[in-house]
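Take the sequence shown: its letter number 425 is residue 427 in our numbering, and every next letter is one higher. Please read the structure below before turning to the comments.
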Amino acid sequence: MSVSLKELCQMVNVPYDQARALIESESSDGESVEREEATLEDTVMEDTVVHADLSGGLEGEEASLLAPEQVQFDTVFNRGREEDSNAEEGAHPRKRLRAEKTWKKVINKKRRMVGKSYVGKQKQKEIMREPWAIGPRCSSAACAKSAKHHCSAIGTPERNNIFNEFWQHMTWEEKRMYVHGLIDVVPVQRRRGYENSRRSNSFFNFLRVSGQRRRVCKSMFLSTLGIGEWSALNWAKEGPTQADTEGQTHSNARRSVAGHEFIHSFLQDLPKVPSHYCRSTTSKQYLEPVFQSMADLYAVYCRAAAEKNATPLSRQVFTDEFKRLNLGLYHPKKDQCNICCAFKTGNLPDDEWQHHLLQKEEARAEKLSDKNKASNNTMVLCMDLQALLLCPKLKASALYYKTKLAVHNFTVYNMLTHSATCYVWHEGEGSLSASEFASCIVDYLSAHTEPDTFILWSDGCGYQNRNAVLSNALLQFSMKKNKVVIQKYLEKGPTQMECDSVHSVIERRLRDQDVYLPAEYVNLMKKARVKPHPYEVKYIDHTFFQDITKLRLCKSLRPGVRPGDPTVHDIRAIRYNNNGTMDFKINHSDDWHPHPSHQLRNSTSDSHTVTPLYSDRLKINELKFKHLQDLKEVIPKDFHSFYNNLLH
């Protein structure tokens, strides 16, 4: 049957002008266009013949794949549409796509694999092969009497299930492994008659019924699976015999168990740090930031295995064990939140996601508005904690397996003058509780009392910025200094604050720098920026921190008391007034509402006093102290006294 280009366009519902223009764009003259049309006609005729030959044995989707209209539509017109769409997106036009699913050879292979009729060859001639079929069951009287063979115990429904599962749901590789697992190849134990027999193995055939292997005769085995004797023989011999693998299996199992135990101990011995933002909601731990990637960590594991004369397991096994232990390479990004993660995985309705985006944009617009309002009378600040720093900081391989001293940097940034103050301390002088952060913030505000209003921007980290301890400290400062302090929170998500630039500059300065003492971080931070002026860095100790929990000005930060009322995490802004009252906002665009906890406990003087948080330096973990002592071999002797004097 000959089909013209115009008739073909009508068959597939594609405009003739569009198809001709597509061919002309790939042709140089009118004659080549005619050749293209002739080629299309010849192709349709050939595919029609193929369709006629195989249509009797094809069903459903496979038969439709060989329709000439669909073949031409996929190979010509879809290609043109893909090129047009790619051109609109600015991408390079794609080449002609191969519709392999429509190839006669591919469909033939698929039909043969699932046991259907297919076109085979016999002496260079194509013939139609019959579909695979289950054979008759075993009728041997010897099998019926045998206590070893269970041919008579396997019913027809079980045989049909085995046959259908074998041919309809397995690839050739899976069929080979399936047969190989059901035939036991064992050495011949006793020979009768011929001494020079070439037979070296015996074959025991089994069928799996209800999860159990039942031994059957060869005839029953082959007829149930519908395969030939040579196929079963070759598939059974492709793997090692049972005698060869008996010792290897136990040896491999022992090596595998030992390998997993070594990976487990290796990962457990590596020093870890908790999450920064979501430490109260996750048990995941993170390796200290000395590994750049999983490949870097795996290379260290391989070197450790070589030192212990252990055989390293594969990268995939190592990664699986790493995930099973709930470990991570980096600190969790505190800008991520449950709403963002839920939307990425498709578990959040679009309206809730849109509301989240609106709140994020509202917070950014509010911060920009406050930034423009900054003046000598209104100080606008942002603050955040830098990612964990470690001391000593070296490239020596000994640091991989040793825990190191944690160093913290809390930064306060002035949006008007672009000045920044960094409060630096190590874990031997203070921890990361709300009192530490409140002490730093109050110290900064007390050193800049010229403005009448302070606006503090931060993320919503609970133990750091959104808690009753900090609220009590800011309320007391507002009352004592006769100032107004406004605390505002960015929406969870990609929080972008100006103090992040300070941390970025510091990290760039610390790159490729060896640090032996926490005090060296202070010197490097001071040199990190020159213009407009260097950063102010305060290296503080345990005597700096005040126990703000002693303040009892505000009972609770939560604005509601009943179920369904707003919680602490719903607050977007808090205003601390100099008369001792507090106001709050649920949205940045809302009006101020009086906070229900504004009634102060000022009946006793104890509610206004604070005491030092620590009476002495903090003790570090005994194991960490031991590791730091071990690391002194890669640290100059001039710095050993610092690590010797750490309390533990």
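Heads up, the beta-carbon is just placed ideally off N, CA and C, and yes, glycines get one too. The model shown is predicted, which means the values in this text are computed figures rather than measured ones.
Need the endpoints of the beta strand (DSSP E) that residue i sits in, please.
i      : result
PRO189 : 185 to 189
PHE320 : No beta strand (DSSP E) contains PHE320, which is instead part of the alpha helix (DSSP H) from 317 to 326.
GLN631 : Careful: GLN631 lies outside any beta strand (DSSP E), inside the alpha helix (DSSP H) at 624 to 632.
SER448 : Run containing SER448: none in the beta strand (DSSP E); it sits in the alpha helix (DSSP H), 436 to 448.
Going by the CB atoms, is the gap between residue j and residue i shorter than 7 Å?
i      : j      : result
ASN207 : LYS220 : yes
HIS544 : GLY432 : yes
ALA440 : LEU472 : yes
GLU265 : GLY430 : Correcting the residue type first, residue 265 is Ile in the shown sequence and not Glu. Taking 7 Å as the Cβ cut-off, ILE265 and GLY430 do not qualify as a contacting pair.
ALA654 : LEU418 : The first residue shown for the chain is 3 and the last is 650, placing residue 654 beyond what the model contains.
VAL426 : VAL524 : yes
GLY137 : SER258 : no
LEU458 : LEU383 : yes
CYS298 : LEU396 : The sequence shown places Asp at residue 298, not Cys. No, they are not a contact pair.
HIS673 : ALA365 : Outside the displayed range of the chain (3 to 650) lies residue 673, so it cannot be described from this structure.
ARG217 : LYS150 : yes
ILE550 : SER448 : no
LEU289 : LEU331 : yes
TYR300 : ARG326 : no
VAL187 : ALA238 : yes
GLN388 : HIS505 : yes
Using 10 angstroms around the beta-carbon of residue i, count the other beta-carbons present and answer buried if the total reaches 16, otherwise exposed.
i      : result
ILE129 : exposed
LYS369 : buried
SER480 : buried
GLN74  : A caution first: GLN74 carries a pLDDT of 41, below 50, which makes its placement in the model too unreliable to give a value.
THR451 : exposed
VAL532 : exposed
SER643 : exposed
ASP386 : buried
LEU227 : buried
MET296 : exposed
TRP174 : exposed
LEU401 : buried
CYS343 : exposed
ASP372 : buried
GLU61  : Legend: pLDDT at GLU61 = 42, less than 50; position of this residue unreliable, no value from coordinates given.
GLU663 : Nothing can be reported for residue 663, as the shown portion of the chain is limited to 3 through 650.
SER212 : exposed
GLN214 : exposed
ARG305 : exposed
Looking at the unbroken alpha helix (DSSP H) that takes in residue i, where does it start and where does it end?
i      : result
ARG210 : Per DSSP, ARG210 belongs to no alpha helix (DSSP H); it is in the beta strand (DSSP E), 203 to 211.
ASN163 : 158 to 170
ILE109 : 106 to 115
PHE644 : 642 to 646
LYS557 : No alpha helix (DSSP H) holds LYS557; DSSP gives it neither H nor E.
TRP355 : 352 to 375
TRP232 : 231 to 239
Is there a Cβ from chain D that is less than 7 Å from the Cβ of residue i?
i      : result
ASP572 : Absent from the structure is chain D; it holds one protein chain and no more.
Please name the residue, chosen from the options, that lies closest to residue i on a Cα-to-Cα basis.
i      : options                        : result
GLY230 : THR611, THR423, SER267, ALA135 : ALA135
ASN579 : ALA475, TRP174, GLU368, GLN294 : ALA475
SER617 : LEU359, GLN548, LEU329, VAL319 : GLN548
GLU363 : PHE641, VAL116, LEU492, ASN166 : LEU492
HIS171 : VAL116, GLU323, THR380         : VAL116
PHE586 : ILE488, MET499, ILE637         : ILE488
PHE165 : ARG210, HIS152, LYS628, ASN467 : ARG210
LYS557 : PRO638, LEU477, GLN124, ALA146 : LEU477
PRO614 : PHE546, THR104, VAL275         : PHE546
LEU553 : ARG564, HIS535, ALA470, ARG574 : ALA470
ILE185 : GLU323, TRP355, TYR415, PHE223 : PHE223
LYS482 : LYS639, SER199, VAL444         : VAL444
Might you give, ordered along the chain, the residues of its own chain that have their beta carbon closer than 8 Å to the beta carbon of residue i, omitting 5 neighbours on each side?
i      : result
ASP572 : PRO561, ILE588
HIS428 : CYS393, LEU407, ALA408, VAL409, HIS410, PRO520
TYR303 : ILE265, PHE268, PRO314, PHE320
GLU240 : ARG178, HIS182
GLY261 : ALA312, THR313, PRO314, LEU315, VAL319
MET584 : SER473, LEU477, CYS556, ILE576, ARG577, TYR578, PRO596, HIS597, SER599, HIS600
Go through its chain and collect everything with a Cβ distance to residue i's Cβ below 6 Å, but skip five positions before and after it.
i      : result
ILE508 : MET527, ALA530
GLY59  : Here the model assigns GLY59 a pLDDT of 41, short of 50, so the residue's position is not dependable and the matter cannot be decided.
ASN646 : none
ARG281 : Confidence at ARG281 is low in this model, with a pLDDT of 46, below 50, so the placement of that residue should be treated as unreliable; the coordinate-derived value is given next. Closer than 6 Å at the Cβ level, and outside the excluded window around ARG281, lies no residue.
GLU538 : THR423
ASN379 : PRO453, ASP454
For residue i, I'd like the list of residues in its chain whose CB is within less than 7 Å of its CB, leaving aside the five on either flank, ordered along the chain.
i      : result
TYR403 : ASP271, LEU272
TYR541 : VAL426, ALA521, VAL524
ASP632 : LYS404
LEU350 : ILE341, ALA344
Answer yes or no: the CB of residue i versus the heavy atoms of the ligand SAH, is any distance below 6 Å?
i      : result
ALA144 : In the structure shown, the ligand SAH is absent, as is every other ligand, since no ligand is present at all.
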